[in-house]
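Residue numbers (my numbering), protein chains in the order written: chain P, 1 to 245; chain U, 1001 to 1245. Glycine included, C-beta positions come from ideal geometry on N, C-alpha and C. Here's the structure, in structure tokens; my notes come after.
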């Protein structure tokens, strides 16, 4: 069997997320599998490094699929980009080791959450940012974000439906970039619970707006009480930027 | 009469350009005039610094309108952004001198043309760039672009339907920025003929792809022959970035 590794970039606005769902549900995995099935003449499973939720974008999603037929990577990349919708792009296709598995072997992920923080809307970033009109106090947000770094039980920042073996995750860093009206929050870790990044960001925004104190965040984390953390920030602001193996 | 100056940013993708047209034609000027008419209870003309064509974007379009009623700038900005479609944003509203006229007093304009120059498409920039798959030789394009700088008769780079008093324009600079898969061309001048920036860029792309020599560009300019210049580059790559007064 030949194993191929894809890097995929997508505007998640009109998809119900990465993962294939039932008939008639538009997902990124589904779109790629359909085009590959046309090319290979048989159905194939494309394994992603992880799900992205409905409306979440990706710059560097990584996926793999297996094929009995040996394929030319350049030709396949061109084929996929020709037949995929224009909000999904295959950035690269490479031959992978036979045992490579995009989900099992993913060691770390970097998510980027982008906030448009001006009073007026931004027509060009309206689908790729959360619009927060009131000026955020980023110094307070940075202070609060320190609580997330390190190995913690993130139960308080998971979706209630999260059903992982363990709720412990290691967050390597939370970085802020400011400028040109944007506040960007980059979170890197060994993995994330369902809705974890968005709930972390939703909490940081509460802090940035003065509705919560930075000192409350470590307390909320320790409480394991998801009722105390902030809301799940909108999907459109979130991008899976990079997956490390 | 009170005179108000607006800075307007828009994603031109779904508009037939800036300038108001007949009934049922979606234009940026038309959208703004409709919302202002609602607010003021009477129709009003919004004067833009210049037309942008169908599909062309703007970051810093400047416009003005007159009102008998004295208006609160902050309140008006909020009102406009609330009722305008989300692909048009009013960045600022200021009181202007009574004689200020956005078109007559515009002294210079900066246009930005963005090219996505990677083999794979870019889902996030697909509406805001021209996709050129083959690698552009930017050094050749820079060499060719020197011909445009200065005061010239730009007949060879105008749309055939251009009907200006004079075809002479002064181009102050043509600047290139490269990186992250993008080639950006910034053109600043005292004014531009219809389609002039897009025809200049279309010609530079021919040079960048090796289909035309840099040395031909000054000859084409001198020839005043629009048959010899390159094609009009697609509207979606063009953004009116700034207007100087």
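Is DSSP giving residue i helix, strand or coil here?
i: residue 1025/U; result: coil
i: residue 1122/U; result: coil
i: residue 1223/U; result: helix
i: residue 240/P; result: strand
i: residue 88/P; result: strand
i: residue 1080/U; result: helix
i: residue 1156/U; result: helix
i: residue 138/P; result: helix
i: residue 1199/U; result: helix
i: residue 1012/U; result: helix
i: residue 65/P; result: strand
i: residue 1074/U; result: helix
i: residue 58/P; result: strand
i: residue 47/P; result: strand
i: residue 234/P; result: coil
i: residue 1042/U; result: coil
i: residue 94/P; result: strand
i: residue 163/P; result: coil
i: residue 193/P; result: coil
i: residue 1216/U; result: helix
i: residue 106/P; result: coil
i: residue 209/P; result: coil
Exposed or buried, what is residue i when buried is set at 16 or more other beta-carbons lying within 10 Å of its beta-carbon?
i: residue 1206/U; result: buried
i: residue 107/P; result: exposed
i: residue 129/P; result: buried
i: residue 1166/U; result: exposed
i: residue 1192/U; result: buried
i: residue 2/P; result: exposed
i: residue 158/P; result: buried
i: residue 1154/U; result: buried
i: residue 1087/U; result: buried
i: residue 160/P; result: exposed
i: residue 1144/U; result: buried
i: residue 285/P; result: In the structure displayed, chain P extends from 1 to 245; residue 285/P sits before or after that span and is not available.
i: residue 1148/U; result: buried
i: residue 1077/U; result: buried
i: residue 173/P; result: exposed
i: residue 29/P; result: buried
i: residue 1211/U; result: exposed
i: residue 177/P; result: exposed
i: residue 1150/U; result: exposed
i: residue 135/P; result: exposed
i: residue 146/P; result: exposed
i: residue 36/P; result: buried
i: residue 1049/U; result: buried
i: residue 1031/U; result: buried
i: residue 163/P; result: exposed
On the DSSP bridge list, what partners appear for residue i?
i: residue 1181/U; result: Residue 1181/U pairs with nothing; no bridge assigned.
i: residue 1187/U; result: 1111/U and 1174/U
i: residue 131/P; result: 116/P
i: residue 151/P; result: 170/P
i: residue 1019/U; result: Partner(s): none; residue 1019/U has no beta bridge.
i: residue 101/P; result: Residue 101/P pairs with nothing; no bridge assigned.
i: residue 1006/U; result: 1063/U and 1093/U
Would the beta-carbon of residue i be found less than 7 Å away from any heavy atom of the ligand MG?
i: residue 31/P; result: As for the ligand MG, it is missing from this structure, which has no ligand bound.
With a cut-off of 8 Å, does the C-beta of residue i fall near any C-beta of chain A?
i: residue 1024/U; result: Protein chains P and U are contained in the structure displayed, whereas chain A is not.
Open item on the list: Under 7 Å, CB to CB, which of the residues in the segment 79 to 108 of chain P have a partner in chain U?
Closed with: Within the segment 79 to 108 of chain P, the residues whose Cβ lies closer than 7 Å to some Cβ of chain U are 81, 86, 87, 88, 89, 90 and 91, listed in chain order.
Task: Meets three-Cβ-pair contact criterion under 8 Å: the segment 228 to 239 of chain P and the segment 199 to 217 of chain P - done: Output reads yes: the segment 199 to 217 of chain P touches the segment 228 to 239 of chain P.
- [ ] Using a Cβ-Cβ cut-off of less than 7 Å, list which residues of the segment 1131 to 1142 of chain U approach chain P; keep chain order.
- [x] The segment 1131 to 1142 of chain U vs chain P, Cβ under 7 Å: nothing.
Task: At least 3 beta-carbon pairs within less than 8 Å: the segment 1089 to 1097 of chain U vs the segment 48 to 63 of chain P - done: Under the 8 Å Cβ criterion, the segment 1089 to 1097 of chain U does not count as touching the segment 48 to 63 of chain P, having fewer than three qualifying pairs.
TODO: Count the CB pairs spanning the segment 54 to 74 of chain P and the segment 3 to 11 of chain P that are closer than 8 Å, and state whether there are at least three.
DONE: Contact between the segment 54 to 74 of chain P and the segment 3 to 11 of chain P is established, with three or more Cβ pairs separated by less than 8 Å.
Open item on the list: Whether or not the segment 1108 to 1123 of chain U and the segment 1213 to 1229 of chain U are in contact is what I'm after, with contact meaning three or more pairs of Cβ atoms, one per stretch, closer than 8 Å; do they touch?
Closed with: Fewer than three pairs of CB atoms, one per stretch, sit closer than 8 Å, so the segment 1213 to 1229 of chain U makes no contact with the segment 1108 to 1123 of chain U.
Task: Interface positions of the segment 110 to 127 of chain P facing chain U (Cβ-Cβ less than 9 Å), listed along the chain - done: Hits within the stretch, in order: 118, 119, 120, 121, 122, 123, 124, 126 and 127.
- [ ] Determine, using beta-carbon pairs with one atom in the segment 1035 to 1051 of chain U and one in the segment 1065 to 1085 of chain U, whether at least three such pairs fall under 8 Å.
- [x] Flag = yes, the segment 1035 to 1051 of chain U and the segment 1065 to 1085 of chain U touch.
Open item on the list: Any contact between the segment 1212 to 1224 of chain U and the segment 1078 to 1086 of chain U? By contact I mean 3 or more CB pairs, one from each, below 8 Å.
Closed with: With a cut-off of 8 Å, the segment 1078 to 1086 of chain U and the segment 1212 to 1224 of chain U do not count as touching, because too few Cβ pairs lie within range.
TODO: Give, in chain order, every residue of the segment 6 to 18 of chain P whose Cβ lies closer than 7 Å to some Cβ of chain U.
DONE: Those residues of the segment 6 to 18 of chain P that come within reach of chain U (Cβ to Cβ, closer than 7 Å) are 9, 10 and 11.
- [ ] Could you please tell me which residues of the segment 67 to 79 of chain P, in chain order, have their CB closer than 8 Å to any CB of chain U?
- [x] Answer set for the segment 67 to 79 of chain P: 77 and 78.
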